[in-house]
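Below is one structure, written out as structure tokens, with a few remarks after it.
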Amino acid sequence: MIPEIGHFSLILALLVAIVLGSFPIIGASRSNMVWMGLAKPLVRIQFLLIAFSFVCLAYAFAANDFSVVYVANNSNSTLPLEFRIAAVWGGHEGSLLLWALILSVWTVAVSLFSKHIPDDMRARILGVMGLISVGFLLFMLFASNPFERLLPAAIDGRDLNPLLQDPGMIFHPPMLYMGYVGFSVAFAFAIAALLGGQLDAAWARWSRPWTTLAWVFLTLGIMLGSNWAYYELGWGGWWFWDAVENASFLPWLVGTALIHSLAVTEKRGSFKAWTVLLAICAFSLSLLGTFLVRSGVITSVHAFASDPSRGVFILAFLVVVIGGSLALFAWRAPIMGRGGKFDVVSRESFLLANNVLLAVAALSVLLGTLYPLFLDALNFGKISVGPPYFDAVFAPLMAPALFLMGIGPIARWKDASLPELAMRLRWAFGISIATAIILPLILGNLTPMIGLGLFLAFWVFATSAEMVYQRLRKSEQPLIVRIKSNSRSWWGMVIAHLGIAVFTLGVTIVKGFESEIAVKMFPGDVAHLAGYDFTFDGVKNSQGPNYESSLGQVHVTKNGVLRTILEPEKRLYTVTNMPMSEAGISPHFIHDLYVSLGEPLEDGAWSIRIYYKPMVEWVWGGCLMMAFGGLLALSDRRYRLKKRAENMEKISTKEVSE
Amino acid sequence: MKRALIPLVIFLIVMGFLFKGLFLNPREVPSPLVGKPTPQFNLPRLDNPEKEFSPKEMLGKVWLFNVWASWCPACRDEHPILVELSETGFVPIVGMDYKDTRQEALQWLQNGGNPYTVTAVDADGRVGIDYGVYGVPETYVIDKAGVIAYKQIGPVTYESLRDKIIPLIKRLQAQ
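Protein sequence lines, in the order shown, are assigned to chains A and B. Those letters in the first sequence? Residues 1 to 658, by our numbering. Those letters in the second sequence? Residues 1001 to 1175, by our numbering.
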């Protein structure tokens, strides 16, 4: 009965979304206050209905109701409760329900925090989000119903994919979806602005915090996914340029460009058409990511569903949503003004250059992801595009972007002077060049890539330090006052940029100095790597809730002193008959020691892989800093003070009309 | 106006490819074994472990070589189709029971019917490696000279029989 109620609730949500997607938008064009006013209550009802439906599905999982196909396919009575709940989004249908739920959460949030937005604009924004919701609910109800019954009921479920039975997997998809779906807000703002023809800087200011928040979630989601791949796949890698990883990275790249472009549009009124286009692209790529993962067009470890009829539906949905908005863009973009003029050397130009580099990087990742499909569609045979392509294309695009990142925030708006910039940054440049050469020589491995990576990382560190020093040295007040006199959004920017530097440093060091060995070890054998001695103590077998476990123990010593004990595990999930490895990792600020169990060999010996990963934690630390920077920018007082915002609105509209 | 249309045009081209891509099978990897002689082996038979089976016995006939296991859910889908095919007597089907236990395999054939003229037992999966088995079920079409003509990854379906396998076997039988 409960699943039927959930299903019914979803049907009601669809009806509500249809009304939400039509009346307020039409009302806005006819200045019909009643129709526009429908948006707010509808948004709330929609949220309650979808949330209720979600709870019903979670209940079916918690209660082991294997008469529901989706539960029978993705759960098992031996699966621990926390994973049964996480299994709600462990498969295709439930992920969509999570998507729809998160969309309704964002929609409610927009309706709550949009008091300062004109009524017609708000009605259009909520209406556009309602239309997106219609698409997802239709798809769920007609092609991917999570509440479909299985008669007769299965005796037990087929179990959740063991790859997903991990704490990281509980949080990774919701975070990622918060990011994906969060770009729907920026998208809805852009579409509403195009529909209403109000392409002034105001919409940029309104959509800025939403875009930043979505970007923070996406950053954290990608970080969790990467971290999960690192300890769960057992290969010591943290990024594989896998199609599905790329699908999450594409909106991140475009979203990053969008954040910067929005800043220019808000402050200077420039790049308006470009910003609108980026907002459309960021969300389109989120939808495309969903399509790539869900349709089975491109397979990877992550693909749970393959079914052409579903794919055709998502594709049709993409054509309507993205095609429609790009057509709207083509129609409306020419009426957008040019915005403030700026010199070739100015903060605008640096930001524009960065934007273009990010967009090109996104395009090249998209090309690499879809290229095998293109060739296959044209009957040129099957190929796969792997990390060598992405490394070769990505690094040359990101290097100038990072270099400009050091200059941009220091340059003045409108027109900056190149000699003056050079003077200000000469020390930063010298220090980063010196470090990039001396540090690898000390560490004993200087290659062009290591040198370049270190130079860029230290360049961002040094330029940020210079910028902070210039801002703080001016007055005689105590330091804390001087720190507070700069806005939180400025500090957020500094921290996010430092996060990029930390990330780059981590990537460079781990790529340049990591080492690994694969050995066959008997209990008592010792392997040597990077100055550490790894002694294999043997493997203990035991029984987990739904798997058989082989827990190995390796103790690590350096010069005879015990450093750490690692416990790599190999699990065989009994229902799905899938082996999984849980790497034994000793995470550390300076380096990780990483051991993973391979296959059992004869006479109690095991094949074991040992990795030495210097500074790999910095990769995720950098991501955390970026996300923190974003949050700090969001807490800026200008988002809390309404009065001031209204004044700024007047100023910026004046600037635009100039 | 014209410049603003560029994103739409690019998007529509990408969509065209994605639409085409929906009807391609990304799992369909051309096997390097197609066109090569079948890897040779001698394996015990399921019905009688004393006796062995070798592909040499099938020389002169066009035959299907089907890798299956009782633990494989997808084999359950394809099994009745294979039984139906074997009842027509159109083509002999040789099974290879892959990484399985004898008892469960026999039970499986008893429950679902036995479409196989003979089943070889590859208990440790060694022969499977020679054949590049990376997912069960897999099915090979092998011609009279013992050369692999086609490899199907995943279950045999009515469509794949109608569109690929049966026409191919007819052609090979006519040779």
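Just so you know, even glycine gets a beta-carbon here, dropped at the ideal spot from N, CA and C. The structure presented is a predicted model; accordingly, all values stated were derived computationally and were not measured.
- Non-local C-beta neighbours of T435(A) in its own chain, meaning closer than 7 Å and more than five positions away in sequence, comprise L454 and F458, ordered along the chain.
- In this structure W427(A) is exposed. Its beta-carbon is surrounded by fewer than 16 other beta-carbon atoms within 10 angstroms.
- By DSSP's assignment, V556(A) forms a beta bridge with F534(A) and T564(A).
- The C-beta separation of L452(A) from W618(A) comes to about 17 Å, leaving the pair out of contact by the 8 Å criterion.
- For the C-beta of K1020(B), the chain A residues within less than 7 Å are, from N- to C-terminus, A377.
- Contact note: N445(A) does not reach chain B at a C-beta cutoff of 7 Å; the least C-beta distance is about 37 Å.
- By the CB criterion at 8 Å, L138(A) and L634(A) fall outside the cutoff.
- Non-local C-beta neighbours of Y230(A) in its own chain, meaning closer than 6 Å and more than five positions away in sequence, comprise W238, ordered along the chain.
- Comparing alpha-carbon positions, the option among N559(A), A527(A) and V108(A) lying closest to R609(A) turns out to be A527(A).
- The C-alpha of G584(A) is placed about 5 Å away from the C-alpha of V595(A).
- When beta bridges are read from the DSSP output, K520(A) appears opposite S607(A).
- Proximity of the stretch 189 to 202 of chain A to the stretch 115 to 126 of chain A meets the contact definition, three or more beta-carbon pairs being nearer than 8 Å.
- Listed in chain order, the non-local C-beta contacts of L1059(B) below 8 Å within the same chain comprise K1144, A1145 and G1146, local neighbours out to five positions each way being set aside.
- Within the stretch 1049 to 1071 of chain B, the residues whose Cβ lies closer than 9 Å to any Cβ of chain A are, in chain order, W1071.
- At the C-beta level, D159(A) and Y469(A) stay beyond 8 Å of one another.
- Among the residues of the stretch 1081 to 1104 of chain B, none has a Cβ less than 7 Å away from any Cβ of chain A.
- The stretch 1065 to 1109 of chain B is shown to contain whole alpha helix (DSSP H) runs of 4 or more residues at 1073 to 1088, in chain order.
- Excluding five sequence positions before and after F403(A), the CB atoms of its chain that fall closer than 8 Å to its own CB belong to L456 and W459, given in chain order.
- Around the beta carbon of K613(A), 16 or more other beta carbons lie within 10 angstroms, which makes this residue buried.
- Annotation: Cβ neighbours of I322(A) in chain B (cutoff 7 Å, chain order): F1011.
- With contacts defined by Cβ atoms closer than 8 Å, G531(A) and K511(A) do not form a contacting pair.
- Check the Cα spacing between P1049(B) and each of D1122(B), Y1116(B), T1139(B) and V1083(B): the tightest is with D1122(B).
- Counting along the chain, Q198(A) sits inside no beta strand (DSSP E), nor does DSSP assign it H or E at all.
- Contact between H260(A) and N355(A) holds: their C-beta atoms lie close to 6 Å from each other, under 8 Å.
- Residues of chain B with a Cβ closer than 8 Å to the Cβ of F374(A) are, in chain order, F1017.
- Within the same chain, and ignoring the five residues on either side of S489(A) in sequence, the residues whose Cβ sits closer than 7 Å to its Cβ are A633 and D636.
- DSSP assignment within the stretch 564 to 595 of chain A yields no whole alpha helix (DSSP H) run of 4 residues or more.
- Around the C-beta of F522(A), fewer than 16 other C-beta atoms lie within 10 Å, and the residue is accordingly described as exposed.
- In this structure, the alpha-carbon of R44(A) lies about 14 Å from that of G21(A).
- Between the beta-carbon of W413(A) and that of K267(A) there is about 7 Å, and that keeps the pair under the 8 Å contact cut.
- When the five nearest sequence neighbours on each side are left out, the beta carbons in the same chain lying within less than 6 Å of the beta carbon of P80(A) are those of P545, in order along the chain.
- Straight-line spacing of the CA atoms in A1120(B) and F1017(B) works out to 43 Å.
- Straight across, the Cα-Cα distance linking F513(A) with D592(A) is about 12 Å.
- Against chain B, the beta carbon of F329(A) has neighbours under 8 Å at A1004, P1007 and L1008, listed in chain order.
- For the pair E1057(B) and V365(A), the Cα-to-Cα distance works out to about 52 Å.
- Take P1115(B), set aside five residues on each side of it, and the residues of its chain with a beta-carbon closer than 7 Å to its own are L1082, V1083, L1085, S1086 and I1093, in chain order.
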